[in-house]
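Participant: Taken in order, these protein sequences are the chains called A and B.
Heads up, the first sequence is in our numbering, so the first residue is 1 and it goes up one at a time.
Heads up, the second sequence is in our numbering, so the first residue is 286 and it goes up one at a time.
Protein chains: 2
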Amino acid sequence: MRVVRSVAAMQRLALNRRGKGRIGLVPTMGYLHEGHLQLVRAARRQSDFVVVSIFVNPIQFGPKEDFRRYPRDFRRDRRLLESAGADVIFYPAVKDMYPEGYATFVEVERLSDGLCGASRPGHFRGVATVVAKLFNIVMPDVAVFGAKDAQQVFVIRRMAHDLGFHTRIVIVPTVREKDGLAMSSRNVYLSQEQRAEAPVLHRSLVLAKRLVGQGERSAAKVRAAMRGLIQRESGGRIDYVEITDTDELKPVRTIEGETLVALAVFFGKTRLIDNIVVRTGSCEL
Amino acid sequence: MRVVRSVAAMQRLALNRRGKGRIGLVPTMGYLHEGHLQLVRAARRQSDFVVVSIFVNPIQFGPKEDFRRYPRDFRRDRRLLESAGADVIFYPAVKDMYPEGYATFVEVERLSDGLCGASRPGHFRGVATVVAKLFNIVMPDVAVFGAKDAQQVFVIRRMAHDLGFHTRIVIVPTVREKDGLAMSSRNVYLSQEQRAEAPVLHRSLVLAKRLVGQGERSAAKVRAAMRGLIQRESGGRIDYVEITDTDELKPVRTIEGETLVALAVFFGKTRLIDNIVVRTGSCEL
Chain A
1 MRVVRSVAAM QRLALNRRGK GRIGLVPTMG YLHEGHLQLV RAARRQSDFV
51 VVSIFVNPIQ FGPKEDFRRY PRDFRRDRRL LESAGADVIF YPAVKDMYPE
101 GYATFVEVER LSDGLCGASR PGHFRGVATV VAKLFNIVMP DVAVFGAKDA
151 QQVFVIRRMA HDLGFHTRIV IVPTVREKDG LAMSSRNVYL SQEQRAEAPV
201 LHRSLVLAKR LVGQGERSAA KVRAAMRGLI QRESGGRIDY VEITDTDELK
251 PVRTIEGETL VALAVFFGKT RLIDNIVVRT GSCEL
Chain B
286 MRVVRSVAAM QRLALNRRGK GRIGLVPTMG YLHEGHLQLV RAARRQSDFV
336 VVSIFVNPIQ FGPKEDFRRY PRDFRRDRRL LESAGADVIF YPAVKDMYPE
386 GYATFVEVER LSDGLCGASR PGHFRGVATV VAKLFNIVMP DVAVFGAKDA
436 QQVFVIRRMA HDLGFHTRIV IVPTVREKDG LAMSSRNVYL SQEQRAEAPV
486 LHRSLVLAKR LVGQGERSAA KVRAAMRGLI QRESGGRIDY VEITDTDELK
536 PVRTIEGETL VALAVFFGKT RLIDNIVVRT GSCEL
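1. Note down, in chain order, each residue of its chain lying with its Cβ closer than 6 Å to the Cβ of P173 of chain A, except the 5 sequence neighbours on either side.
2. Between T104 of chain A and chain B, is any beta-carbon pair separated by less than 8 Å?
3. Need the endpoints of the beta strand (DSSP E) that G24 of chain A sits in, please.
4. Find the residues of chain B that neighbour F55 of chain A, judging by a C-beta separation of less than 8 Å, and give them in chain order.
5. Just the Cα atoms here: how many angstroms apart are V391 of chain B and F165 of chain A?
6. When burial is assigned at 16 or more other CB atoms within 10 Å of the CB, is D162 of chain A buried or exposed?
7. Can you look up E197 of chain A in the DSSP assignment and give me helix, strand or coil?
8. Are the C-beta of F430 of chain B and some C-beta of chain A separated by less than 8 Å?
9. Is there a Cβ of chain A sitting closer than 8 Å to that of V563 of chain B, yes or no?
10. Using a Cβ-Cβ distance cut-off of 8 Å, determine whether L396 of chain B contacts chain A.
11. Mind checking the region 248 to 267 of chain A against chain B and listing, in chain order, the residues whose C-beta falls within less than 8 Å of any C-beta there?
12. Beta-carbon of V108 of chain A versus every beta-carbon of chain B: anything under 8 Å?
13. List the whole-angstrom C-beta distance separating Y240 of chain A from L115 of chain A, where the pair is believed to meet the contact cut-off of C-beta under 8 Å.
14. State buried or exposed for Q11 of chain A, treating a residue as buried only when at least 16 other CB atoms are found within 10 Å of its CB.
15. To the nearest angstrom, how far is it from the Cα of K178 of chain A to the Cα of G35 of chain A?
16. Which value, in whole angstroms, describes the spacing of the CA atoms of P71 of chain A and K269 of chain A?
17. Can you name the residues of chain B whose CB is closer than 8 Å to the CB of R157 of chain A?
18. What's the C-alpha gap between L190 of chain A and F267 of chain A?
19. Quick one: Cα of L365 of chain B to Cα of S489 of chain B, how far?
20. Which residues does DSSP list as the beta-bridge partners of R168 of chain A?
21. Identify, in the order they occur along the chain, each residue of the same chain with its Cβ nearer than 7 Å to the Cβ of R168 of chain A, setting aside the five sequence neighbours on each side.
22. Within the continuous beta strand (DSSP E) that includes D434 of chain B, where are the two ends?
23. Please report the distance separating the alpha-carbon of P348 of chain B from that of H33 of chain A.
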């Protein structure tokens, strides 16, 4: 496994490899957990040359967000990626990705506005921009993302399709702790008490799925039940609990077809997200 | 020479060709003139497989601009490109490039705001977006643009560099009619009288270059001399006459180093642009 730090060297490597077997890319911000490693294994199965990028991307953080204190541990990440079968870690410096005079941004309209986009203005612009740039540098035939970041998945899928990237976008299901909490690098911020309460997020999603399975079609009623559960069973402050279509991510009143149930809840300063996709009709999930 | 109309077919072709010799791309809006053909010949010299795209890109036209009446003549273009040595014409439909639900745009900040961007809001967003998409579809190692569209050149160069495209951007000098008028598909709009007056644009640029060569360093004085000449010798309505740096395209007060002298002038409804780059110091142009 090689570690490549420069943008130019990574691109030279990709130019040499492209067309000679599939290149797989797993974009991460590091501080890896089992969820990331599942992405790497999926990339391993679906490509011949696996690049994992580790880059805490400043332009997807708001001015009051946790860019500086975002957890980092490169040596541990390197060890984990070696075991998971990565061929290259692409580990660029911020000033190599965004040199002085940097001016170009990729925007995905509409899909970036609601859900996390509403409380994190500019976040998905930063995500779409860095992913487009990583695609140009690494030239992946396959790129793998985790379903936990649902809006990110929809934004990137739309961006890749709209801009004509040849890269196939693969989504891997959320990996959870035994008590249901979605794995996240940010879980490390939680106090013991917050950690004990946080699984209520997943329970609220399971509740939503059960209600829809029982025939409930009112988004308002499902959301109210979820909010009630979260408020009864935790001290979390709800940022949003939303139910949207899976095309434009617009809130729906009636749950039918493929529908995203997504939430963001603060535990102290730590903002956790989770989601589930439910399907009504013949192909119930 | 092949004509490829579908985005998917063009990308399949590029995926098969990439890495086996250099792919060259010349993005055009068709209605080709000698200026375009020079771009194709430059691409021919610098690459092994030359793709010329013909696409009148709706998203770079404002609502009151000439998208609908923009001149088109595909049969003539095809004949010219055959002679100039293109391998492929990529000739996509608008609904294949921008299908329903299209949402992604590429923005180049600062460089897109002044000059033509001031009177054509959104124009360079449309340009940057379509060029990024063409780069992803055609995967060119070299892309060739004409110097006549100066701001476009700077915006695309910045975009390609910022987003990490491996594509090398090649700029070919403006091709002019014998009387100095820059070749443009829009020259066909001019009445006989307007056509007779239009070469004053080039004369004003030559005047600017001469003044700078004689030691004039005041941008205000050079601009005033240019405006005076245009107003004396034509009925053109000046949109802008501007002198900027060649990095961020910001207006300068003092002309030093590499400087862009650019203008846009309306003759009736027809907006013509032209420019020249002047250099002070040891390497006078």
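C-beta atoms are modelled at their ideal positions from N, C-alpha and C, and glycine is treated no differently.
Everything numeric in this text was worked out from a predicted model, so none of it was measured.
Facilitator: According to the data block:
1. As a working note, residue 173 of chain A is residue 173 in the first sequence. The answer, listed in chain order, is A147.
2. As a first step, residue 104 of chain A must be located in the first sequence, where it is residue number 104. By this cut-off, T104 of chain A is an interface position.
3. Residue 24 of chain A sits at position 24 when you count from the first residue of the first sequence. From DSSP, the beta strand (DSSP E) with G24 of chain A extends over 23 to 28.
4. By one-based count along the first sequence, residue 55 of chain A stands at place 55. Neighbours of F55 of chain A on chain B: none; closest Cβ ~12 Å, over 8 Å.
5. Position 106 of the second sequence, counted from the start, is the residue given in the question as residue 391 of chain B. Position 165 of the first sequence, counted from the start, is the residue given in the question as residue 165 of chain A. Cα-Cα distance, rounded: 14 Å.
6. Numbered from its first residue, the first sequence carries residue 162 of chain A at position 162. Classification for D162 of chain A: buried.
7. As a working mapping, residue 197 of chain A is identified with position 197 in the first sequence. Helix at E197 of chain A.
8. Within the second sequence, residue 430 of chain B is the residue found at index 145, counting from 1. So, not an interface residue.
9. Counted from its first residue, the second sequence places residue 563 of chain B at position 278. V563 of chain B does not count as touching chain A.
10. Start at 1 with the first residue of the second sequence, and residue 396 of chain B comes out as number 111. Cβ-Cβ to chain A under 8 Å: yes for L396 of chain B.
11. E248
12. Position 108 of the first sequence, counted from the start, is the residue given in the question as residue 108 of chain A. Answer yes: the Cβ-Cβ gap between V108 of chain A and chain B drops below 8 Å somewhere.
13. Your numbering for residue 240 of chain A matches position 240 in the first sequence. Your numbering for residue 115 of chain A matches position 115 in the first sequence. Confirmed, Cβ separation roughly 6 Å.
14. Walking along the first sequence from the start, residue 11 of chain A turns up at place 11. So Q11 of chain A counts as buried.
15. Within the first sequence, numbered from 1, the residue matching residue 178 of chain A stands at position 178. Within the first sequence, numbered from 1, the residue matching residue 35 of chain A stands at position 35. Approximately 13 Å, taken between the alpha carbons.
16. Here residue 71 of chain A is taken as the residue at index 71 of the first sequence, counted from 1. Here residue 269 of chain A is taken as the residue at index 269 of the first sequence, counted from 1. Looking at the two C-alpha atoms, the distance is approximately 15 Å.
17. Sequence index remark: in the first sequence, residue 157 of chain A carries index 157 (1-based). Within chain B, no residue comes near R157 of chain A; the closest Cβ sits about 11 Å away, beyond 8 Å.
18. The residue you call residue 190 of chain A lines up with position 190 of the first sequence. The residue you call residue 267 of chain A lines up with position 267 of the first sequence. Straight-line Cα distance between these residues: approximately 7 Å.
19. Numbered from 1 along the second sequence, position 80 holds the residue referred to as residue 365 of chain B. Numbered from 1 along the second sequence, position 204 holds the residue referred to as residue 489 of chain B. Distance between the alpha carbons of L365 of chain B and S489 of chain B: 32 Å.
20. Numbered from its first residue, the first sequence carries residue 168 of chain A at position 168. A:V142, per the DSSP bridge assignment.
21. Taking the first residue of the first sequence as 1, we reach residue 168 of chain A at position 168. Here the set comprises D141, V142.
22. For the purposes of this step, residue 434 of chain B is taken as the residue at position 149 of the second sequence. First-last for D434 of chain B: undefined, no H or E at that position.
23. Within the second sequence, residue 348 of chain B is the residue found at index 63, counting from 1. Within the first sequence, residue 33 of chain A is the residue found at index 33, counting from 1. If you take the alpha carbons of P348 of chain B and H33 of chain A, they lie about 50 Å apart.
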